[in-house]
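One structure is given here, and the rest of the page talks about it.
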Amino acid sequence: FAQHLDLLKRHGYSKDDALILLMRLQLMKIIKVEIQRRGWSQREAARILGVSQPRIAEISTLATEKFSLETLVKYLLRLNL
Numbered sequence: 100f101a102q103h104l105d106l107l108k109r110h111g112y113s114k115d116d117a118l119i120l121l122m123r124l125q126l127m128k129i130i131k132v133e134i135q136r137r138g139w140s141q142r143e144a145a146r147i148l149g150v151s152q153p154r155i156a157e158i159s160t161l162a163t164e165k166f167s168l169e170t171l172v173k174y175l176l177r178l179n180l
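This note's numbering puts the sequence shown at residues 100 to 180.
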């Protein structure tokens, strides 16, 4: 974790922004793995989470800039995680 934080800081991120980015990435990975573990298609996951299929595709590609921490936490709650 520290090595990733240092790398982001070297690329111009403030410590706070780097931490937030890493937190978003970790939450997205958890959601992505859980969807795969449950064997859901993107369409099925979208229906269950109450979002559009493209939003699930963005999670699958770890498009961190498209999600706030709050949104990711809501998805985790909907997955009962």
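For every residue, glycine included, the Cβ atom is placed at its ideal position computed from N, Cα and C.
- In terms of CA proximity to Leu171, Leu126 leads the group Leu118, Leu126, Lys108, Arg136.
- Using a Cβ-Cβ distance cut-off of 8 Å, the segment 109-128 and the segment 153-170 are in contact, since at least three pairs of beta carbons, one from each stretch, lie closer than that value.
- Counting only the Cα atoms, Glu143 lies some 22 Å from Leu124.
- Here the C-alpha atom of Arg109 lies approximately 11 Å from the C-alpha atom of Gln102.
- Secondary structure remark: continuous alpha helix (DSSP H) runs of at least 4 residues inside the segment 107-136, in chain order: 114-136.
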